[in-house]
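Comments concern the structure below.
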Amino acid sequence: MYASSRKKRSNVDILHRIDWVAWENLIRTNGLTIDRPTGSSHPVHENIVYPIDYGYINETMASDGEEVDVFVGCSETGLVGAIATTDHRKGDREIKFIHDCNQQEIYLINGFINFDRSLMEGVLILRKPFSEL
């Protein structure tokens, strides 16, 4: 299970290595914590407002030393995908999972991450075709 990438690997390579079933089981076992509900501001960059619930998978650790991030929607779709991000400010890459999201919420997440690609950009991958969500 990859929570984040090494500098030498591309985000797309890492996305194809995700063990979806293992991560889904981990979410079910450990649970999720929402620390930035829809409409809340980023703790450091107050002008960044989250369009959807954002938090982390409990008892996990990403390459940045924090928990593995997750966007959480209001559908009961389970773990539908991930977005591999490159944060140009911090100089790191990580995987942010997408859980219980419908098509509209996935559009919101992708737009939110890729709003200003000079700061952050992401590559979206879904477990199944978008039309099946």
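Heads up, the sequence shown is in my numbering, so the first residue is 39 and it goes up one at a time.
Virtual Cβ for every residue (Gly too), placed ideally from N, Cα, C.
Under the DSSP assignment, Phe-153 falls outside any beta strand (DSSP E); it carries neither an H nor an E label. The Cβ neighbour count for His-137, taken over all protein chains shown within 10 Å, is at least 16; the residue is labelled buried. The beta carbons of Phe-109 and Ile-86 sit about 14 Å from each other, so the pair does not count as a contact at 8 Å. Straight through space, the alpha carbons of Ile-144 and Lys-166 are spaced by roughly 13 Å.
In the structure shown, the three-state DSSP call for Arg-165 is coil. Under the three-state reduction of DSSP output, Ala-120 falls in the strand class. Shortest Cα-Cα distance from Thr-71 to any of Asp-102, Gly-119, Gly-93, Glu-159 involves Gly-93.
In the three-state reduction of the DSSP assignment, Leu-146 falls in the helix class.
Under the three-state reduction of DSSP output, Ile-133 falls in the strand class. Annotated three-state conformation of Thr-76 is coil, per DSSP. Under DSSP, Asp-125 takes part in a beta bridge, and its partners are Asp-130, Met-158.
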